[in-house]
Amino acid sequence: MTESPASASPVQAVPDGDVGFVGIVTRAVSWGLDALLINLAAIITGLGAALVLSIFPLAKNAQPALEAIAGVAYVLWTAAYFVAFWSTTGQTPGARIMQIRLVTPSGRRVKPLRALLRWVGMNLAMVPLFAGYLPIVFRRRGFPDWLARTLVISAPQMSLAETRRAALQAARDGSRQPPAAILPKPAPLSGEATDGRTQAEGVASPPPAHVADAPAAPEGGPYR
Numbered sequence: 000m001t002e003s004p005a006s007a008s009p010v011q012a013v014p015d016g017d018v019g020f021v022g023i024v025t026r027a028v029s030w031g032l033d034a035l036l037i038n039l040a041a042i043i044t045g046l047g048a049a050l051v052l053s054i055f056p057l058a059k060n061a062q063p064a065l066e067a068i069a070g071v072a073y074v075l076w077t078a079a080y081f082v083a084f085w086s087t088t089g090q091t092p093g094a095r096i097m098q099i100r101l102v103t104p105s106g107r108r109v110k111p112l113r114a115l116l117r118w119v120g121m122n123l124a125m126v127p128l129f130a131g132y133l134p135i136v137f138r139r140r141g142f143p144d145w146l147a148r149t150l151v152i153s154a155p156q157m158s159l160a161e162t163r164r165a166a167l168q169a170a171r172d173g174s175r176q177p178p179a180a181i182l183p184k185p186a187p188l189s190g191e192a193t194d195g196r197t198q199a200e201g202v203a204s205p206p207p208a209h210v211a212d213a214p215a216a217p218e219g220g221p222y223r
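The sequence shown stops at residue 223 when you use numbering that gives the first Met the number 0, and every number in between is there.
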């Protein structure tokens with residue numbers, strides 16, 4: 000059976016009309032910023048470890064073992080950096096600055112296993128001479144995205160300063176709203192019970208029943 004050209008190609012073309020395609024320059028700048036942060040953290044950690052070892056000197060034959068441990072720690076730190084950011088927000092700090100995001104072909108968040116696979120592909124694409132990234136120049140998926148089946152898309156967003164400015168403006172607009180009007184309490188209706196007694200506004204209360212039913216006194220009083 001003859002393979003189709005699409006299946007035989009090591010990379011897959013980006014769908015036509017994909018306005019979110021990210022070029023190689025933007026990706027390179029994002030990757031350079033991430034590499035700067037990774038190496039800066041590694042240098043600070045290395046200086047701290049060297050300071051501790053200077054206080055507690057070790058034997059000379061332990062030097063190769065320490066270098067091997069440092070190399071393994073650097074690789075693990077680099078992998079954890081990319082996998083953690085890709086599988087949570089889809090953006091490393093460099094990608095956030097360049098306003099790009101890593102997603103699945105359906106536009107969903109990348110899972111950790113797929114993020115790890117892409118990191119492996121990212122390192123393999125560097126050999127030889129970053130050849131695995133060459134298809135991006137022709138608007139096709141690079142080797143890391145082809146291997147992990149991911150996409151790098153444009154993700155415009157407000158900067159931190161703009162976000163804070165918008166929050167302050169919303170709070171300021173909310174404080175300008177007039178307070179709710181306080182309506183007076185309605186007066187009790189005629190005949191409404193208040194404190195256990197029957198009162199009518201402007202009308203005298205009827206006399207008690209035993210007073211109303213009592214016989215009238217004879218004219219001139221009870222005694223003549």
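Note that beta-carbon positions come from the ideal geometry of N, C-alpha and C, so glycine has one too.
Neighbour-count burial assignment, residue i, 16 or more Cβ in a 10 Å radius
i	result
S29	buried
L39	exposed
I42	exposed
F84	buried
I54	exposed
G131	buried
L128	exposed
G93	buried
V119	exposed
L112	exposed
W145	buried
L150	buried
D194	Note that D194 has pLDDT 49, beneath the 50 cutoff, so the model's placement of it is unreliable and the number below is only indicative. Flag for D194 reads exposed.
G190	Residue confidence is low: G190 scores 49 on pLDDT, short of 50, so the model does not pin down where it sits. Its coordinate-derived value is still stated next. By the 10 Å Cβ count, G190 comes out exposed.
Local conformation of residue i per DSSP, three classes
i	result
S153	strand
F84	helix
R139	strand
Y222	Because Y222 sits at a pLDDT of 45, beneath the cut-off of 50, its placement in the model cannot be relied upon, and the point is left open.
Residue span of the beta strand (DSSP E) that contains residue i, given as start and end
i	result
V102	I99 to V102
Inter-residue CB distance, residue i and residue j (contact presumed, cutoff 8 Å)
i	j	result
G141	A124	6 Å
P104	R139	The Cβ separation is near 14 Å, so there is no contact.
I23	V136	6 Å
Continuous alpha helix (DSSP H) stretch holding residue i: start and end
i	result
A40	I23 to I54
V119	P111 to L123
Between the CA atoms of residue j and residue i - distance to the nearest angstrom
i	j	result
Y80	A169	35 Å
I152	A69	35 Å
G173	A166	11 Å
A102	L116	Position check: residue 102 holds Val in this sequence, whereas Ala was assumed. In a straight line, the C-alpha of V102 is about 14 Å away from that of L116.
L57	M97	45 Å
V109	T87	8 Å
L32	V74	17 Å
T197	R171	Residue placement at T197 cannot be trusted, given a pLDDT of 44 that sits under 50; what the coordinates show is reported in the next sentence. Cα to Cα, the separation comes out at about 51 Å.
L50	T44	10 Å
P225	V71	Outside the displayed span of the chain (0 to 223) sits residue 225, for which this structure offers no information.
A154	T25	12 Å
L36	T91	10 Å
A114	P143	10 Å
A67	L52	16 Å
P134	Q156	27 Å
T77	R163	31 Å
G47	G89	31 Å
F20	M121	18 Å
A160	I99	18 Å
A61	A34	29 Å
V82	A27	18 Å
K59	L65	10 Å
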